[in-house]
Structure formats: C-alpha cells, structure tokens
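Taking my numbering, I'd label the letters of the sequence shown as residues 10 to 154.
Using N, Cα and C, we set each Cβ at its ideal position, and we do this for glycine too.
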Amino acid sequence: MSQPVTVRLPELAAEELRLIARREHRSISEIGARFIDEGLRQHRFPYIEFRSFNGERHACIKGALQVWQLIMVAKDYRGDVNKIAEHLDLKPEQVKAGLHYYENHSEEIDQALEENDLGYECLKQMLPNLQLSSVSVATETKADA
C-alpha cells in the first residue's frame with residue numbers, strides 16, 4: 010500500500026522532475042516515488058546503483074553488471090563469493106552486496122531472470138536453427154588443491 014508524502018523541492022529540481030516525467034510519459038508522482046525508492050535502496054545497499062535499460066530501471070553493481078546477471082552466475086557457483094568474484098572480476102564485497110540485494114528483492118531479480126530466459130525462446134522462434142550452448146563450471150576437487 011502506498012502512502013502520500015509531501016516533499017518540497019528547489020525549483021530547478023522540480024523542473025527536472027517534470028521533464029523526466031514528460032519524457033517517460035509518467036506522472037511527476039510516479040517519477041518522484043521511483044527516485045525516492047531507488048535512493049533509499051542505494052542508501053541501504055551501498056554497492057548498488059540503478060540504471061536504465063530499454064526504458065526500464067535495473068539494480069546494478071556500481072560500475073559493473075546488473076544484479077540479475079550476477080545472480081545468474083552465482084547460481085552456477087552455488088553462491089561461492091570468491092569464485093563468483095573471480096569469474097566476474099569483482100571484489101568479494103561487491104558480490105556480497107549483490108547477493109544481499111537479491112535476498113531482499115528476490116521477486117524483482119527473479120522476474121529479470123525469467124525475462125532473460127524468455128529472450129532465448131523469442132529468438133528461437135525467429136531463428137529456428139539457433140542452438141543454446143552452455144559451459145559447465147569445473148569444480149575443484151581435493152586432489153586438485
């Protein structure tokens with residue numbers, strides 16, 4: 010359930026908010042609520058930022074990939090932070106931030122993962138000869154260590 014909140018903005022900020030709302034064909038209230046929500050999430054998860062992709066906003070690891078992409082890799086490594094960090098060339102704390110964000114916003118990230126899977130199905134309809142390839146992740150055994 011949403012709660013009405015009144016906010017006073019400097020004129021320049023209010024005008025910029027109006028311009029964004031007009032450009033995105035949304036209400037000023039919707040854009041303001043989105044910015045506040047994203048700001049609160051960024052405050053709570055310091056390694057997370059929000060960026061636009063094809064008109065949609067997605068949670069991302071600052072300066073890196075989208076959180077859903079990190080989670081896709083994390084599932085292959087069964088959540089092993091160090092292996093995920095090495096694979097994605099990230100710091101372990103960035104990986105932990107993405108995993109923590111996912112714990113708190115799994116519905117949002119799971120939806121992005123589902124949409125990614127649908128992308129292949131749509132491409133397959135357009136390109137019937139398309140084949141999906143996967144790479145298995147080698148696991149280290151005690152003999153290898």
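- K105 and Y111 have their C-alpha atoms some 10 Å from each other.
- Under a 10 Å Cβ-count criterion, L99 is classified as buried, with 16 or more other Cβ atoms of the shown protein chains found around its own Cβ.
- By the neighbour-count criterion, in which a residue is buried when 16 or more other Cβ atoms sit within 10 angstroms of its Cβ, A68 is buried.
- Look at the stretch 31-115 and you find these whole runs of beta strand (DSSP E), each 3 residues long or longer: 57-62 and 65-70.
- Cβ-Cβ distances below 6 Å link E130 to nothing in the same chain once the five nearest sequence neighbours on each side are left out.
- With fewer than 16 other Cβ atoms from the protein chains shown falling within 10 Å of its own Cβ, G128 counts as exposed.
- With fewer than 16 other Cβ atoms from the protein chains shown falling within 10 Å of its own Cβ, L139 counts as exposed.
- Contact between the stretch 77-87 and the stretch 33-40 is absent, with fewer than three C-beta pairs closer than 8 Å.
- Around the CB of L136, fewer than 16 other CB atoms lie within 10 Å, so the residue is classed as exposed.
- In the three-state scheme derived from DSSP, where H, G and I count as helix and E and B as strand, Q12 is classed as coil.
- Taking C-beta atoms under 8 Å as the contact rule, N91 and P101 qualify, at a distance of about 6 Å.
- Q103 sits buried, since 16 or more C-beta atoms from the chains shown fall within 10 Å of its C-beta.
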